[in-house]
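Here's the structure we're looking at; comments come further down.
Protein chains: 2
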Amino acid sequence: MREGHGDNQSLADDIAETIRADRTHGASQLARLALALLAEFTRHAPQRSLTRIDTDLVQLAQRLQQVRPSMAAVANLIGRWLSAIRSASYESADALCALVEKNTEELIEASKRAVIATAEQTGKLVRPGQCIMTHSYSSTVNQVFRQLAELEISAIITESQPGCEGAQLARELSGLGVETRYITDAQAGLFVKDADIVLVGADTLLADGSVVNKAGTYLLALAANDHQIPFYACCESFKQSDLNLHQVELEAMDTDEITLENLPHLQKQNLYFDITPARLVSGWVNEKGVYSYD
Amino acid sequence: MREGHGDNQSLADDIAETIRADRTHGASQLARLALALLAEFTRHAPQRSLTRIDTDLVQLAQRLQQVRPSMAAVANLIGRWLSAIRSASYESADALCALVEKNTEELIEASKRAVIATAEQTGKLVRPGQCIMTHSYSSTVNQVFRQLAELEISAIITESQPGCEGAQLARELSGLGVETRYITDAQAGLFVKDADIVLVGADTLLADGSVVNKAGTYLLALAANDHQIPFYACCESFKQSDLNLHQVELEAMDTDEITLENLPHLQKQNLYFDITPARLVSGWVNEKGVYSYD
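Rendered as structure tokens:
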């Protein structure tokens, strides 16, 4: 911690930890939260030279870009935010603050619009009365349900252990009046045959079209393929990464999330994400439409 | 309930419910427990005519054959037990009781020997230092671990929600000193690549070689196939069924086992077993050796 920067450094550490440890937001939501916290950091920066604010802010932004390596949306949205800050000219701390506020607000809105537009494109794949299966919680897929709730669609959704993000989706679908079957992750192979389509979000879309998403997505994709049920990845272009299968880091979370006492010779494992290879994906949807990687 | 049969009928009901509701025993263990409870029923039968004991006993045995439709071992072992009773001649209730005791003991021993012999055959597939992956709890696979624990083998095992039979296996492997990774069911696709071989037990082996086992087995088989990791079903011949894929009933259990409040428009589902098609199975092991269905 640098001298005289105690408060600022401490706030930066808190923000980085908030983003790193978050288990409740999807990648798009978390990317927006990161931007909102960068704006908050700027607002709370103590009065001092422009250079110092500027440097601290850029350092925090770069740090946040790295704390969620499985979520390209976080690094990408912050990257866009940083580019705007760097390419602008400002001559006072107040002007920088104003720029940060505007930039943050615009990018958050752009992210929300991208999710809604992606959901609208995804919705075109679903016909009235059909059954949609999904895994974990994706704000894009949830938005599809909101848009289609009136069309007598039904849902099959998984718990998604250990975080049980599926429980949150279950509550939202119940509120929307969507008839929903709620299953353990292990039952995905039993119920996929009842789905007309599988829709999943993504935390990252890799360069070759492989999909980084909550652990269990790959198993659902295998089962969908085995039953010839179409499997679509729905993710706005902010989630696109230049990385390939072998470069992406799959985040490991606290193993205390897994309910079992510690035992000799036993290691609990808690990788939160898996990779669904592009060959198992029927199509990809972003804000512009459905596309393929052929 | 028939007049004068109150106590007997009540005991029969208790026994049937014990077997029906059991969540802690594998199919082989439960089949042996059913036999032990039939013997207990005979011992506790009130003094009365041979015909009545005989009838009650056969009725209970037939009832127990039906309460676990996904576990062929239960019906099969009881079937063998019934055949022995029926083909024997006895002229007193005491003689029947003695016959039941002897028959029960012999079949329980035969079942245990079959499990051990199957585990011995299975062990031949594993080389020292290799990593075995499994799902749920199988007494046969557990016996394989006991036999091979000295050979520096390691294990990857799944929780197996909602019953978490994997936790029991974890404790036993820890006791054996087998280095074990313990994962959520959803992570099976992430870790299968680290296994040299996948071994699963079975609750029922269908006529065409398809394997009825704890839900999630099919997903693990798909992932093993996708990674070209050999996948073996290890089950003594008591688990063989004449039924095919479309005839077997997959038992549904209490949905209260799934942690989520009841919500409008939401149905929790708790199918305990799934079917792994024979095409995903590299080989089958019983007490005589490894075989195929070609």
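For the protein sequence lines, the chains are A and B, in the order given. For the first sequence, the positions run 442 to 735 when the working numbering is used. For the second sequence, the positions run 442 to 735 when the working numbering is used. Glycine is no exception: its CB is placed at the ideal position from the N, C-alpha and C atoms. Computed from a predicted structure; not experimentally measured.
| Cutoff 7 Å; reference Glu561 of chain B; Cβ partners in own chain excluding five residues on either side | To locate residue 561 of chain B, count along the second sequence from 1; it is residue 120. Correct list, in chain order: Gln588.
| task | Sort A:Asp683, A:Ile624, A:Asp695, A:Asn654 by Cα distance to Asp695 of chain B and report the nearest one. | result | Taking the second sequence and counting its residues from 1, the one referred to as residue 695 of chain B is at position 254. Of the residues A:Asp683, A:Ile624, A:Asp695, A:Asn654, the one whose Cα lies closest to the Cα of Asp695 of chain B is A:Ile624.
| In terms of residues, what are the limits of the beta strand (DSSP E) holding Glu620 of chain B? | Counting from one through the second sequence, the residue named residue 620 of chain B turns up at place 179. Start and end: 620–624.
| request: Indicate whether at least one CB of chain B lies closer than 8 Å to the CB of Lys634 of chain A. | output: Locating residue 634 of chain A in the first sequence gives position 193, counting from the first residue. By this cut-off, Lys634 of chain A is not an interface position.
| message | Using only CA atoms, which one of A:Ile494, A:Val722, A:Thr492, A:Ala590 lies nearest to Leu663 of chain A? | response | In the first sequence, the residue the question calls residue 663 of chain A occupies position 222. Minimum Cα-Cα distance from Leu663 of chain A among the listed residues A:Ile494, A:Val722, A:Thr492, A:Ala590 corresponds to A:Val722.
| Of the choices B:Gln500, B:Thr563, B:Gln669, whose alpha-carbon is the least far from that of Asn449 of chain B? | Here residue 449 of chain B refers to the residue found at position 8 of the second sequence. For Asn449 of chain B, the nearest C-alpha among the options comes from B:Gln500.
| said: For the ligand PLP, I want to know if Leu523 of chain B counts as a neighbour, meaning its beta carbon is within less than 7 Å of at least one of the ligand's heavy atoms. | reply: By its list of ligands, the structure shown contains no ligand whatsoever, and the ligand PLP lies outside what it can speak to.
| field | First through last residue of the beta strand (DSSP E) which encompasses Ala596 of chain B | value | As a working mapping, residue 596 of chain B is identified with position 155 in the second sequence. Run containing Ala596 of chain B: 595–599, per the beta strand (DSSP E) assignment.
| query | Per DSSP, Met512 of chain B forms a beta bridge with which residues? | reply | Working through the second sequence from its first residue, we reach residue 512 of chain B at position 71. Answer is none; Met512 of chain B lacks a bridge partner.
| query | DSSP on Gln688 of chain A, reduced to helix/strand/coil? | reply | Walking along the first sequence from the start, residue 688 of chain A turns up at place 247. In this structure, DSSP gives Gln688 of chain A a state outside helix and strand, which the three-state scheme calls coil.
| Touch test, the segment 600–612 of chain B against the segment 612–623 of chain A, Cβ-Cβ under 8 Å, three pairs minimum | The segment 600–612 of chain B vs the segment 612–623 of chain A: no contact.
| C-beta atoms of Ser651 of chain A and Ile594 of chain A nearer than 8 Å | Here residue 651 of chain A corresponds to residue number 210 of the first sequence, with the count starting at 1. Here residue 594 of chain A corresponds to residue number 153 of the first sequence, with the count starting at 1. The answer is no: Cβ separation not under 8 Å.
| message | Going by DSSP in three states, Thr645 of chain A sits in which element: helix, strand or coil? | response | If you number the first sequence from 1, residue 645 of chain A lands on position 204. Here Thr645 of chain A sits in strand by DSSP.
| request: Decide if Ser552 of chain B is buried, meaning its Cβ has at least 16 other Cβ atoms within 10 Å, or exposed. | output: Here residue 552 of chain B corresponds to residue number 111 of the second sequence, with the count starting at 1. Classification for Ser552 of chain B: buried.
| said: Taking CB distances under 8 Å as the criterion, tell me whether Glu444 of chain B reaches chain A. | reply: As a working mapping, residue 444 of chain B is identified with position 3 in the second sequence. Confidence at Glu444 of chain B is low in this model, with a pLDDT of 40, below 50, so the placement of that residue is unreliable and no value is reported for it.
| What alpha helix (DSSP H) runs, 4 residues minimum, are completely inside the segment 449–526 of chain A? | Counting whole runs of 4 or more residues, the segment 449–526 of chain A contains the alpha helix (DSSP H) stretches 468–484, 491–508.
| Would you call the CB atoms of Val633 of chain A and Met574 of chain A closer than 8 Å? | Position 192 of the first sequence, counted from the start, is the residue given in the question as residue 633 of chain A. Position 133 of the first sequence, counted from the start, is the residue given in the question as residue 574 of chain A. Between Val633 of chain A and Met574 of chain A, the C-beta gap is smaller than 8 Å, which places the two residues in contact.
| said: Short of 9 Å Cβ to Cβ, which residues in the segment 605–627 of chain A face chain B? | reply: Residues passing the 9 Å Cβ filter: Cys605, Gly607, Ala608, Ala611, Arg612, Leu614, Ser615, Gly616, Leu617, Gly618, Val619, Glu620, Thr621, Arg622, Tyr623, Ile624, Thr625, Asp626, Ala627.
| Taking the alpha-carbon positions, what's the Gln506 of chain B to Cys676 of chain B distance? | On the second sequence, residue 506 of chain B is found 65 positions in, with the first residue counted as 1. On the second sequence, residue 676 of chain B is found 235 positions in, with the first residue counted as 1. Approximately 19 Å, taken between the alpha carbons.
| Quick one, which of A:Trp725, A:Thr700, A:Glu606, A:Glu698 has its alpha-carbon nearest Tyr578 of chain A's? | For this step, residue 578 of chain A is matched to residue 137 along the first sequence. Here the closest residue by C-alpha is A:Glu606.
| said: Only counting the same chain, and skipping five residues up and downstream in sequence, which positions put a Cβ closer than 7 Å to that of Asn544 of chain B? | reply: Along the second sequence, read from residue 1 onward, the residue named residue 544 of chain B stands at position 103. These residues qualify, in order along the chain: Trp522, Ala525, Ile526.
| said: Quick check on the burial criterion: 16 or more other C-beta atoms within 10 angstroms. Buried or exposed for Tyr673 of chain B? | reply: The residue labelled residue 673 of chain B in the question sits at position 232 within the second sequence. Buried.
| said: Which complete beta strand (DSSP E) runs does the segment 531–602 of chain A hold, if anything under 3 residues is left out? | reply: If we require 3 residues or more, the beta strand (DSSP E) runs fully inside the segment 531–602 of chain A come out as 572–575, 595–599.
| Interface residues of the segment 651–668 of chain B facing chain A [CB-CB below 7 Å] | The residues in question are Ala656, Gly657, Tyr659, Leu660, Leu663, Ala664, Asp667.
| Looking at C-alpha atoms only, which residue of B:Leu661, B:Ala643, B:Leu474, B:Ser469 is the closest neighbour of Ala457 of chain B? | Looking up residue 457 of chain B in the second sequence gives position 16. The option with the nearest alpha carbon to Ala457 of chain B is B:Leu474.
| field | Which residues DSSP lists as bridging Val653 of chain A, in chain order | value | One-based indexing of the first sequence puts residue 653 of chain A at position 212. Val653 of chain A is bridged by DSSP to A:Thr645, A:Ile716.
| query | If we count the other Cβ atoms within 10 Å of its Cβ and call it buried at 16 or more, is Thr658 of chain B buried or exposed? | reply | Taking the first residue of the second sequence as 1, we reach residue 658 of chain B at position 217. Within 10 angstroms of the beta-carbon of Thr658 of chain B lie 16 or more other beta-carbons, which makes it buried.
| task | Return no unless some Cβ of chain B is closer than 8 Å to the Cβ of Leu566 of chain A. | result | Within the first sequence, numbered from 1, the residue matching residue 566 of chain A stands at position 125. Not an interface residue.
| Coil, strand or helix - Leu640 of chain B by DSSP | Position 199 of the second sequence, counting from 1, holds the residue named residue 640 of chain B. Correct three-state label for Leu640 of chain B: strand.
| Outcome for Ser451 of chain B when other beta-carbon atoms lying within 10 angstroms are tallied against a minimum of 16 | Locating residue 451 of chain B in the second sequence gives position 10, counting from the first residue. With fewer than 16 other Cβ atoms from the protein chains shown falling within 10 Å of its own Cβ, Ser451 of chain B counts as exposed.
| message | Residues in the same chain with beta-carbon distance under 6 Å from Asn666 of chain A, minus the five sequence neighbours each way, listed in chain order, please. | response | In the first sequence, the residue the question calls residue 666 of chain A occupies position 225. So the qualifying residues of the chain are Leu721.
| said: By the DSSP assignment, the beta strand (DSSP E) with Leu707 of chain A in it spans what residues? | reply: Numbered from 1 along the first sequence, position 266 holds the residue referred to as residue 707 of chain A. DSSP places Leu707 of chain A in the uninterrupted beta strand (DSSP E) bounded by 707–709.
| field | Buried versus exposed call for Asp644 of chain A [16 or more other C-beta atoms within 10 Å across all chains shown] | value | Counted from its first residue, the first sequence places residue 644 of chain A at position 203. The residue is buried, with at least 16 neighbouring Cβ atoms inside 10 Å.
| request: Would you mind telling me which residues of chain A sit closer than 9 Å to Ile699 of chain B, beta carbon to beta carbon, in chain order? | output: Mapped onto the second sequence, residue 699 of chain B falls at position 258. The contacting residues are Glu600, Tyr623, Ile624, Thr625.
| request: Could you tell me whether the Cβ of Pro569 of chain B comes closer than 8 Å to any Cβ of chain A? | output: Numbered from its first residue, the second sequence carries residue 569 of chain B at position 128. The beta carbon of Pro569 of chain B sits no closer than 8 Å to any beta carbon of chain A.
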